[in-house]
Amino acid sequence: MGEWDIQHLSDTLRSLGLIGQVSGALLILLQTIVPFVPFVVVAGANVLLFGFWLGFLVNYVFACLGAILAFYGTRSFGREWAQARLSKHRIAGRFNEKLGKHGLLYITLSRVTPVLPSFGINMAAAVMNVRSRDFILGTLIGKSPMILLESLIGHDLLHFTQYKGRLLVLLAVFGLLLAAGSYLNKRWTNSGAD
Numbered sequence: 001m002g003e004w005d006i007q008h009l010s011d012t013l014r015s016l017g018l019i020g021q022v023s024g025a026l027l028i029l030l031q032t033i034v035p036f037v038p039f040v041v042v043a044g045a046n047v048l049l050f051g052f053w054l055g056f057l058v059n060y061v062f063a064c065l066g067a068i069l070a071f072y073g074t075r076s077f078g079r080e081w082a083q084a085r086l087s088k089h090r091i092a093g094r095f096n097e098k099l100g101k102h103g104l105l106y107i108t109l110s111r112v113t114p115v116l117p118s119f120g121i122n123m124a125a126a127v128m129n130v131r132s133r134d135f136i137l138g139t140l141i142g143k144s145p146m147i148l149l150e151s152l153i154g155h156d157l158l159h160f161t162q163y164k165g166r167l168l169v170l171l172a173v174f175g176l177l178l179a180a181g182s183y184l185n186k187r188w189t190n191s192g193a194d
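Note that the UniProt record's numbering gives residue 151 to position 151 of the sequence shown, counting from 1, and the numbers run on in steps of one.
Listed below in structure tokens is the structure:
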């Protein structure tokens, strides 16, 4: 997905007026529940459509709402089935206990690391022992910096000549978060065996 995709999506939504604005918000919600394009494409289109700060706010609110809906939907329909399977694996059981005790920390950290897809976090948290409160707070806290970063990247891709220096810094930050996320993911995976 590139510059044209973001620009084209934004232009299409803008041409629809109010329906396009509502659609832009709902695309974020849908993308969070069932990822069909990279988040940065829809986030960038919304930043162009609404302006940077309002676009960021729309992206943030509807991404959080989508994550919460996915969490409760999965918890309602898939938790018992998954818990029965997880209980057969000692490492998964230990990690599940940690999530029950420290869910807020794990959800917050997983939200700010681009290694773990939001869709996967929503589903995994729903079937594990993460308390609803911890999931919601961790999502609200952790999604803010990532959505700001992805909104800025989407914006700066379209204004590359004007913001290329900032875009390079943002991509470096994203790369550092990716490396940190890989490290944390390995530690969490190995910590289940402790």
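No residue lacks a Cβ here, since even glycine has one placed at the ideal position from N, Cα and C.
Query, Result
"Given Pro35, which residues of its chain have a CB within under 6 Å of its CB, disregarding the five upstream and five downstream residues?", "Phe119"
"Going by the beta-carbon positions, is the gap between Phe71 and Ala25 smaller than 9 Å?", "no"
"Give, in chain order, every unbroken run of the alpha helix (DSSP H) that is at least 4 residues long and sits entirely within the UniProt domain \"VTT\" (37-155).", "39-50, 52-86, 90-111 and 118-127"
"Since Leu26 is in the alpha helix (DSSP H), which residue starts that stretch and which ends it?", "Leu18 to Ile33"
"Leaving out five residues before and five after Lys186 in sequence, what residues of the same chain have Cβ atoms less than 8 Å from its Cβ?", "none"
"With DSSP as the reference, label His159 as helix, strand or coil.", "coil"
"Could you compute how far the alpha carbon of Tyr60 sits from the alpha carbon of Lys143?", "7 Å"
"Which of the three DSSP states is assigned to Ala193 in this structure?", "With a pLDDT of only 45 at Ala193, under 50, the local geometry of the prediction cannot be trusted, and the value read off the model is given with reservation. If DSSP states are grouped into helix, strand and coil, Ala193 belongs with coil."
"Are there 16 or more other CB atoms within 10 angstroms of the CB of Phe77, so buried, or fewer, so exposed?", "exposed"
"If I'm right that Gly154 touches Val40 with Cβ under 8 Å, what's the distance once you round it to whole angstroms?", "5 Å"
"Does the distance from the CB of Ile33 to the CB of Leu69 come in under 9 Å?", "yes"
"So the candidates are Leu29, His102 and Leu157; which of them puts its Cα closest to the Cα of Asp134?", "His102"
"In or out: Tyr183 buried (at least 16 other Cβ within 10 Å) or exposed?", "exposed"
"Find out if the Cβ-Cβ distance for the pair Leu149, Leu177 is shorter than 9 Å.", "yes"
"Using a Cβ-Cβ cutoff of less than 6 Å, which residues in the same chain neighbour Leu48 once the five nearest sequence positions on both sides are dropped?", "Ser10"
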